[in-house]
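Enquirer: Here's a structure for you.
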Amino acid sequence: MKDFKIITVDQVGIGDRVSRITKRSVKNEAKIHGLRMALNMIDLTTLEGADTINKVKQLCYKGMHLHDAYPDLPTVAAICVYPNFVGLAKEQLKGSGINVASVATAFPSGNSSLEVKITDTKMAIDAGADEVDMVISRGKFHQGEYNYVFDEIAKIKETCGKNVRLKTILETGELGSLDNIRRASDIAMHAGSDFIKTSTGKISPAATLPVTLVMLEAIKDYYYETGIQIGMKPAGGISNSKLALQYLMLVKETLGDKWLTNQWFRFGASSLANDLLMQLEKQRSGNYQSKDYFSKD
Amino acid sequence: MSRIEVLKTYKMYIGGKFPRTESGRYYSLKNTKGEEIANMCTGSRKDFRNAVVEARKAFELWSNRTAYNRSQILYRIAEMLEGRKAQFIDELMQIGSTKKQAENEVFTSIDRLIYYAGWADKYQQISSSVNPVSGPYFNFTIQEPTGVVAVIAPEENGLIGLVSTIAPIIVSGNSCIVLASESKALCSVSFAEVVNSSDVPGGVINILTGNAEELIPHFSTHKDVNSMLYCGNDKKATQLIKENSTTNLKRIVVKKDIDWMKNENESPYFITKFTEVKTTWHPIEKIGASGSGY
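Protein sequences, first through last, are from chains A and B. Heads up, the first sequence is in our numbering, so the first residue is 1 and it goes up one at a time. Heads up, the second sequence is in our numbering, so the first residue is 1 and it goes up one at a time.
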């Protein structure tokens, strides 16, 4: 593993900066702009044991036709599914410009051998995945085997090659402290991840603003140090527009406009899209909306 | 040493909590002598929006309770009101009722809660039907709660107006957001405290205070509100509500010139104003003598 400085996090300072963000409100034109931007950054996700062919098809359709009643809406950034549905999603999304992301590496626990993880990743890539979301081995991380975690990420990135972007899930809810999150972020970036991602969405707490800020700071430092731009993806628990806009503010103020595209920032979410759509309709019609008028999946 | 009385802060009731209005606005409530007795929240569009979110959440839970359980809980509200009747009589007197009138209003309110509590597991029995059809079907029609109901409570009565509108709405499983009487709002907040200690799940009853004219456009256009009850005589407001309701075809009920103290204004028909009719065709073998269903 490369030698890099271990950086500790000022927990109080992080809390303070986040609380300044959450007290702000975004209105009118800026709000509409932010809502559309957030829609375009969504990795529309279904990662259930009960996923079926039709559910994935439906999700792909939703990603392409978010709300046809509203003119000129962007599409989502990607559809995120398990490896066995990648081929299907790819076929459904043909020509739409929407990427297919696949979780891999024994998602969500990551408790398996490296061989199995590489096979899992290969399977997703062979089926046509544009992006791979891997999980780190949290158990090894807690045992202090940082080299193992680093090498594993590097191997998976090697499997992905240049053209498939690798998002590394830290599962911050299982890492304990902000210091650990910072360290895991640094390991993931140095090992070659293209994105770092907060959570699998399978455990609580999932993404939070403080955790995201710590990771954004890590990305900033890494960028200053190496000139390499790394993407960020908070996932899980971001289900309403207000929160999504707060994340965007956090990105804007920590990393700047360069990160405010779906090339470099994503939301892993399933129900967020509908809330954003309801807010956009509210802005357009002036009336508060009801879930009854938006498709569920 | 004389003691300085601790005055009560009157807040609103949204989702089982007592928040102040997000707008920070308030209006003064005066007693009959013209003295200020309380500052009331002037509820805003956003308070209403928050209340609708809570009411929608609570609807799922409340409408899935058994009728028997809803009955028990309505009865419980009556019990709690009985225990605090002195406070309500006092509050009604502060805003202009005589002792006799105040007592009468509080007792009638308690009795009305009991009345509707009794209907919880019975109104469906008298309003539903088994329908004759030509074919091997068991065809029946039942009433189901409409959903989230927004209410502009009567301006003239502080307590009985609130109870007489809330009870028949929630008894079938609806949740509601009620704008209390602006000039007689004192009791409404105290009533919310009674509700809060009566096992009513948070969000089933939400009580706002403020100005009807300001809030009616928002009450009537919100697409997640399924039905609206307007108690008042204002023709313009009535028309506005009816027009706005077309955004999502809300079921609109208007009650004007009603003396809520009279027993004739409690009725199971008032419950079914806020229910929807569901008819089910259930295939069966031929059972009628004629060879058709019932």
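Glycine included, C-beta positions come from ideal geometry on N, C-alpha and C. Bear in mind the structure is a predicted one, so any value in this text is a computation, not a measurement.
Would you mind sorting Q143 of chain B into buried or exposed? The rule is 16 or more other CB atoms within 10 Å of its CB.
Expert: By the neighbour-count rule (16 or more Cβ atoms within 10 Å), Q143 of chain B is buried.
Enquirer: Alpha carbons only, please: which of A:L213, A:G227, A:Y70 and A:D43 is nearest the one belonging to H190 of chain A?
Expert: Residue A:G227 is the option with its Cα nearest to H190 of chain A.
Enquirer: I think S172 of chain B touches F274 of chain B, with their Cβ atoms under 8 Å apart; what is that distance to the nearest whole Å?
Expert: S172 of chain B to F274 of chain B, Cβ: 6 Å. Contact.
Enquirer: Counting contacts by CB-CB distance shorter than 8 Å, is Y70 of chain A in contact with chain C?
Expert: The question asks about chain C, but that chain is absent: this structure's protein chains are A and B.
Enquirer: Does the beta-carbon distance from G202 of chain B to G16 of chain B come in below 8 Å?
Expert: Yes.
Enquirer: Can you have a look at R112 of chain B and say buried or exposed, based on whether 16 or more other CB atoms are within 10 angstroms of its CB?
Expert: R112 of chain B is buried by the Cβ-count criterion.
Enquirer: Flag R112 of chain B as yes if its beta-carbon sits less than 8 Å from any beta-carbon of chain A, otherwise no.
Expert: R112 of chain B does not count as touching chain A.
Enquirer: Please check if any C-beta of chain A sits within less than 8 Å of the C-beta of D224 of chain B.
Expert: By this cut-off, D224 of chain B is an interface position.
Enquirer: With distances taken between CB atoms, is the gap from F265 of chain A to M123 of chain A smaller than 8 Å?
Expert: Contact flag unset, no.
Enquirer: Name the one or two DSSP bridge partners that I79 of chain A has.
Expert: Paired residue(s): A:L44 and A:V100.
Enquirer: Please check the pair A235 of chain A and T198 of chain A, which I expect to be a contact at CB under 8 Å, by giving their CB distance rounded to whole angstroms.
Expert: Right, their Cβ atoms sit about 6 Å apart.
Enquirer: Going along chain B in order, which residues have a C-beta closer than 7 Å to the C-beta of N287 of chain A?
Expert: Ordered by position in chain B, the residues that pass the 7 Å Cβ test against N287 of chain A are T221, H222, K223 and T247.
Enquirer: Given a cut-off of 8 Å, decide if L213 of chain A and T254 of chain A are closer than it, judged by their beta-carbon atoms.
Expert: Contact: yes.
Enquirer: Looking only at its chain, what residues have a beta carbon closer than 7 Å to the beta carbon of Y137 of chain B, apart from the 5 residues adjacent to it on each side?
Expert: Closer than 7 Å at Cβ, skipping near neighbours: W281, H282, P283, I284 and G293.
Enquirer: Return the residues of the stretch 234 to 254 of chain A that lie within a Cβ-Cβ distance of less than 8 Å from chain B, sorted by chain order.
Expert: Those would be none; no residue qualifies.
Enquirer: CB M37 of chain A to CB L260 of chain A, shorter than 8 Å?
Expert: Taking 8 Å as the Cβ cut-off, M37 of chain A and L260 of chain A qualify as a contacting pair.
Enquirer: Would you please state the rounded distance, in angstroms, between the beta carbons of L186 of chain B and Q94 of chain B? I believe it to be under 8 Å.
Expert: So it is a contact: roughly 6 Å between Cβ atoms.
Enquirer: Tell me A38 of chain B's beta-bridge partners as DSSP assigns them.
Expert: B:L29.
Enquirer: Grouping DSSP H, G and I as helix and E and B as strand, with all else coil, what is F195 of chain A?
Expert: Looking at F195 of chain A - three-state DSSP - the assignment turns out to be strand.
Enquirer: Can you check which of these residues, A:A89, A:P108 and A:T8, is closest to E48 of chain A by C-alpha distance?
Expert: Of the candidates A:A89, A:P108 and A:T8, the one whose C-alpha sits nearest the C-alpha of E48 of chain A is A:P108.
Enquirer: Please check if any C-beta of chain A sits within less than 8 Å of the C-beta of R84 of chain B.
Expert: Chain A, which has no Cβ nearer than 8 Å to the Cβ of R84 of chain B, makes this no.
Enquirer: I need the boundaries of the alpha helix (DSSP H) containing I219 of chain A, first residue and last residue.
Expert: L209 to T226 is the extent of the alpha helix (DSSP H) around I219 of chain A.
Enquirer: Among the residues of its own chain, which have a CB less than 7 Å from the CB of S112 of chain A, if the five just before and after it don't count?
Expert: Contacts found: A106.
Enquirer: For the alpha helix (DSSP H) holding Q143 of chain B, just list the boundary residues, first then last.
Expert: Element bounds for Q143 of chain B: not the alpha helix (DSSP H) but the beta strand (DSSP E), Y137 to P145.
Enquirer: From F88 of chain B to V106 of chain B, what does the alpha carbon distance come to, in whole angstroms?
Expert: Between F88 of chain B and V106 of chain B, the C-alpha separation is close to 7 Å.
Enquirer: Suppose contacts are defined by Cβ-Cβ distances below 8 Å. Is I152 of chain B in contact with I77 of chain B by that definition?
Expert: It is not a contact, given that the beta carbons lie outside the stated cut-off.
Enquirer: With DSSP as the reference, label Y13 of chain B as helix, strand or coil.
Expert: Three-state result, Y13 of chain B: strand.
Enquirer: Please confirm whether E137 of chain A and E115 of chain A have their CB atoms less than 8 Å apart.
Expert: Note on identity: in this sequence residue 137 of chain A is Ser, with Glu being the wrong assignment. No, Cβ-Cβ distance for S137 of chain A and E115 of chain A is not below 8 Å.
Enquirer: Measure from the C-beta of R20 of chain B to each C-beta in chain A and report whether the shortest distance is under 8 Å.
Expert: It does not: the Cβ of R20 of chain B has no partner Cβ on chain A nearer than 8 Å.
Enquirer: Which word fits P83 of chain A, buried or exposed, when buried means at least 16 other C-beta atoms lie within 10 angstroms of its C-beta?
Expert: By the neighbour-count rule (16 or more Cβ atoms within 10 Å), P83 of chain A is buried.
Enquirer: By how many angstroms is the C-alpha of D133 of chain A removed from the C-alpha of T66 of chain B?
Expert: Cα to Cα, the separation comes out at about 45 Å.
Enquirer: Let me confirm a value: S271 of chain A is counted as buried when at least 16 other C-beta atoms fall within 10 Å, else exposed. Which label applies?
Expert: Answer is exposed; the Cβ neighbour count stays below 16.
Enquirer: Examine chain A for any beta-carbon lying closer than 8 Å to the beta-carbon of R49 of chain B, and answer yes or no.
Expert: Yes, contact with chain A.
Enquirer: Would you say S295 of chain A reaches chain B, if we count a Cβ-Cβ gap shorter than 8 Å as a contact?
Expert: For S295 of chain A, the answer is no, since every Cβ of chain B falls outside 8 Å of its Cβ.
Enquirer: For the stretch 51 to 64 of chain B, which residues have a beta carbon sitting closer than 9 Å to at least one beta carbon of chain A?
Expert: Listed by position, the residues of the stretch 51 to 64 of chain B near chain A (Cβ gap below 9 Å) are V52 and R56.
Enquirer: Is the beta carbon of Y13 of chain B sitting closer than 8 Å to the one on N206 of chain B?
Expert: In contact: Y13 of chain B and N206 of chain B (Cβ atoms closer than 8 Å).
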